[in-house]
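Structure first, then comments.
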Amino acid sequence: MTDPLEGRRTPPIPAGRLIAEIALAATGAGLVLGAVSADQAWFDRHFLPVFFLSRDRYVLGETLARIAVAVFGVALALLWRPMAGRAVARSSPRALAAGTARMALALLLAAGVGELALRAAFPRAREEVPPQSEPLRRHDAKLGWVFVPSRVGRQTVAGRVIDYAFDARGYRVPNLFQPVDPTRPTILFTGESIVTGFGLKWEETFPALVGDALNTQVANMAVFAYADDQTHMRLAAELPRFAHPTAVVILFTPGLLFRDFDDDRPHLGPGLVWRPAVKHSRLVALARYFVPYHSREDIDQVVALAREELQASLRLAHARGAMALIVVPHYGPEDRIERSLRRRILDEPGLPYVWVPLDPASRIPHDPHPNAAGARLMAAAITMRLREMATSQ
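In this note's numbering, the protein residues as written are -1 to 391.
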């Protein structure tokens, strides 16, 4: 072909430049197409809700992520593509191969160093906190971690000093001089930090309020950051100690179901088979933390397992002649995905639960946990339901 302005042939585009530009253009177009295709319905199918984030904030984060991916794709296809093409065209094949090899080696070394650094900085499971964080926890071979027993941990939350006292079994108690007496009639509470009473004094926690209202001793055996399988295992280990358990109250919420995917700690598999922690690449774990994508099959499996664990906990309680109740707290309006998970896990098998709507304002300042007002709402709902269950027996 002849250039009419120059009267000479236009030199052909080098094959290396052409390949590089096509690759970058295709990658950029793919990113834009993916950002457009990943609408809210797609996110709802593959990303679980988070109890500690409002639906609006969660959707905003997803929207910003889609915009960022689309902008990156456009920049790759329109801005960096020609720049990369010109750079490839100026390089000889030998220099290009050498540069590619150096880049690959640098990436490999960076990944190795990053992996070692992450393993040194974060040697524990994802939800397991450093040993010096109050209230102190210690490693447990069966459960992952438990509170250090027979001590008082002190923590400042929202400007208040909170004392967490734990008896010899690691149950939260009013003080070290009032341990739980397993020979007395007792209501057992199991779950995670919402049940333990993060940021609340003992008398403000909903287990303490329920115990006062029903004039019954309570055993608060919840542990910070527990998932549903750890909650069940904790109950199964501790319930046999009690001579007269009158009721078992279990916390569950679809917004905490994401923890059930963690297998970097001791966990339960289908059939409630105990499994040891699985060792993962820290870089992969970090990527999954920021992009918690799950296939539909994986979500279905976790839903089935959570239902199986709750059913097993209820059977344990009933076998001891105790009432059993699941408490489901929720901030603000319940969205379609949360409602679907609740119905699949609780309603379809007919599990007894009380759903407690909480005003988004009933949070600890600058923290997502329920404040004293939220705890009172939960205590009132639990107390009313337990009284109804006792009357109907």
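Heads up, the beta-carbon is just placed ideally off N, CA and C, and yes, glycines get one too.
All of these numbers come straight from a predicted model, not from anything done at the bench.
Within 10 angstroms of its Cβ, does residue i collect 16 or more other Cβ (buried), or is it exposed?
| i | result |
| --- | --- |
| Arg136 | exposed |
| Ile65 | exposed |
| Pro91 | exposed |
| Arg263 | buried |
| Gly330 | exposed |
| Ser390 | exposed |
| Pro47 | buried |
| Asn218 | buried |
| Ser360 | buried |
| Leu62 | exposed |
| Ser131 | exposed |
| Pro128 | exposed |
| Phe222 | buried |
| Arg79 | buried |
| Ile192 | buried |
| Ala123 | buried |
| Gly110 | exposed |
| Ala104 | exposed |
| His328 | buried |
| Leu22 | buried |
| Phe240 | buried |
| Leu344 | buried |
| Val289 | exposed |
| Leu233 | buried |
| Ala115 | exposed |
Which same chain residues, not among the five before or five after residue i, have their C-beta less than 7 Å away from its C-beta?
| i | result |
| --- | --- |
| His278 | Asp262 |
| Ala310 | His230 and Leu270 |
| Phe70 | Leu29 |
| Val144 | Arg135, Arg136, Asp138, Gly168 and Val221 |
| Ala36 | Arg64 |
| Arg340 | Pro252 and Val326 |
Under DSSP, the beta strand (DSSP E) around residue i begins and ends at which residues?
| i | result |
| --- | --- |
| Asp161 | Arg158 to Phe164 |
| Ala322 | Met321 to Tyr329 |
| Ala217 | Gln215 to Asn218 |
| Leu249 | His242 to Leu249 |
| Asp261 | Per DSSP, Asp261 belongs to no beta strand (DSSP E) and is neither H nor E. |
| Tyr169 | That residue, Tyr169, is in no beta strand (DSSP E); it is neither H nor E in DSSP. |
| His137 | Arg135 to Asp138 |
Just checking my contact of residue i with residue j at CB under 8 Å: how many whole Å lie between their CB atoms?
| i | j | result |
| --- | --- | --- |
| Ala370 | Glu202 | 4 Å |
| Asp227 | His265 | 5 Å |
| Gly197 | Val155 | 4 Å |
| Leu284 | Glu307 | So it is not a contact: roughly 28 Å between Cβ atoms. |
| Ala320 | Ala245 | 5 Å |
| Pro347 | Arg305 | 6 Å |
| Thr303 | Pro358 | Before going on, a small fix: residue 303 reads as Leu here, not Thr. Not confirmed; about 30 Å, so no contact. |
| Gln215 | Arg167 | Contact flag wrong, Cβ pair sits at about 13 Å. |
| Phe250 | Val300 | With 8 Å as the limit, Phe250 and Val300 do not qualify as a contact, their Cβ atoms being about 13 Å apart. |
| Leu281 | Gly157 | That pair is no contact at about 38 Å. |
| Asp165 | Ser148 | 7 Å |
| Arg318 | Pro205 | Between Pro205 and Arg318 the Cβ distance is about 18 Å, and since that is not below 8 Å, they are no contact. |
In chain order, what residues of the same chain have a beta carbon less than 6 Å from the beta carbon of residue i, not counting five sequence neighbours either side?
| i | result |
| --- | --- |
| Gly195 | Thr203 |
| Phe50 | Pro366 |
| Gly372 | Leu356 and Ser360 |
| Leu134 | Val146 and Gly151 |
| Met387 | Met321 |
| Gln395 | Residue numbering for the chain in the displayed model covers -1 to 391; residue 395 lies beyond these limits and cannot be assessed. |
| Gly189 | Ala220, Thr229 and Leu249 |
Looking only at its chain, what residues have a beta carbon closer than 8 Å to the beta carbon of residue i, apart from the 5 residues adjacent to it on each side?
| i | result |
| --- | --- |
| Leu212 | Ile185, Thr381, Leu384 and Arg385 |
| Arg294 | Arg43 and His44 |
| Ala119 | none |
From what residue to what residue does the alpha helix (DSSP H) around residue i run?
| i | result |
| --- | --- |
| Leu233 | Asp226 to Glu236 |
| Val69 | Arg53 to Val72 |
| Gly209 | Phe204 to Leu212 |
| His397 | No statement about residue 397 is possible, as the shown extent of the chain runs from -1 to 391 and does not include it. |
| Gly372 | Ala370 to Ser390 |
| Ile335 | Arg334 to Arg340 |
| Ile192 | Ser191 to Thr194 |
| Val282 | Arg280 to Phe288 |
| Phe41 | Gln38 to His44 |
Is the Cβ-Cβ distance between residue i and residue j less than 9 Å?
| i | j | result |
| --- | --- | --- |
| Phe187 | Val247 | yes |
| Val159 | Tyr169 | no |
| Ala68 | Val34 | yes |
| Ala275 | Leu254 | no |
| Arg53 | Asp333 | yes |
| Gly32 | Ala73 | no |
| Tyr351 | Ile324 | yes |
| Leu314 | Leu207 | no |
| Ala16 | Gly83 | Residue 16 is actually Leu in this sequence, not Ala. Against a cut-off of 9 Å, the Cβ pair of Gly83 and Leu16 comes out as a contact. |
| Trp40 | Lys140 | no |
| Trp200 | Ala235 | no |
| Glu125 | Arg257 | yes |
| Phe259 | Asp210 | no |
Within the 9 Å Cβ cut-off, does residue i reach chain B?
| i | result |
| --- | --- |
| Pro363 | This model lacks chain B altogether, as it is built from one protein chain only. |
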